[in-house]
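Each number in my numbering corresponds to the 1-based position in the sequence shown with 40 added.
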Amino acid sequence: MVASVVFSFWRDAVGGPARSGHLHVLRWMVELKDGRGPWKRDFRSALEVAATHNCLDVVQWLYERGMDYLKLLNMAKHEHLDVLQWTTKVILSNWDVENGHLDTARWLSKHGYEINSLDLSISEDDRVQVVLEALKNDKQRVAWWMLTRTRFEHEASRQIIRDGIHRASIGTLLWIQKDLMEFEECSWCFTTD
């Protein structure tokens, strides 16, 4: 009973500074070295808490201390792109689609991460799907990046994307008209061939 109370205390004590970005408090806790904690297990939830509250310095510090980085991918649903971008640059930059990480690349691009910094070679069919999902879900930053920074060589791919643009929400259509038409590399998006 006492052990579980102590564990709960440290876990809760670590969560507050992680949530608020008070890295100096976390450092102080670790430097105590009084033999009563906090232990590594007390920091398990702190990494995700810091990531979902966009506390990048805490995320980096916890990662450097060996915390489970896979939890960091959860922050994408909270739209904290700077933490997500740091995580993917540091951790995923060496991944390769050929090694079976295509789903991760799709997920990252679907959630707003700029694929170019991952240096992944994603097939045209997969990029088309990313654009369609972005148009369907009003993820304008993702659609903009994929359409302005990648090339769609096949006319069938271009037609599928044009059809997706026609089915997009009115907000996305207005955004396309305002912000995307000026890019020459996207001119094919608006032809009616």
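Using N, Cα and C, we set each Cβ at its ideal position, and we do this for glycine too.
Contacts around residue i, its chain only, beta-carbon distance under 7 Å, and the 5 residues preceding and following it disregarded
| i | result |
| --- | --- |
| GLY55 | SER85, ALA86, VAL89 |
| ARG67 | none |
| LEU237 | As shown, the chain starts at 41 and ends at 233. That puts residue 237 outside it, with no answer to give. |
| CYS226 | LEU187, THR188, LEU220 |
| CYS95 | ALA58, GLY61 |
Residue i - DSSP class collapsed to helix/strand/coil
| i | result |
| --- | --- |
| GLY61 | coil |
| CYS95 | coil |
| SER281 | Residue 281 is absent from the model: the chain starts at 41 and stops at 233. |
| PHE83 | helix |
| ARG191 | coil |
| LEU142 | Confidence at LEU142 is low in this model, with a pLDDT of 49, below 50, so its placement is unreliable and no value can be given for it. |
| SER163 | coil |
| GLU222 | coil |
| ARG105 | coil |
| LYS179 | coil |
Buried versus exposed, by CB contacts within 10 Å (16 or more), residue i
| i | result |
| --- | --- |
| LYS218 | exposed |
| PHE83 | buried |
| LEU220 | buried |
| ARG167 | buried |
| ALA196 | exposed |
| PHE223 | exposed |
| PHE192 | buried |
| LEU72 | exposed |
| LEU172 | buried |
| ASP175 | Reading off the sequence, residue 175 comes out as Leu, not Asp. With 16 or more other Cβ atoms within 10 Å, it is buried. |
Practice problem: Take every Cβ of the region 210 to 227, pair it with every Cβ of the region 193 to 202, and state whether three or more of those distances are shorter than 8 Å. | Solution: no
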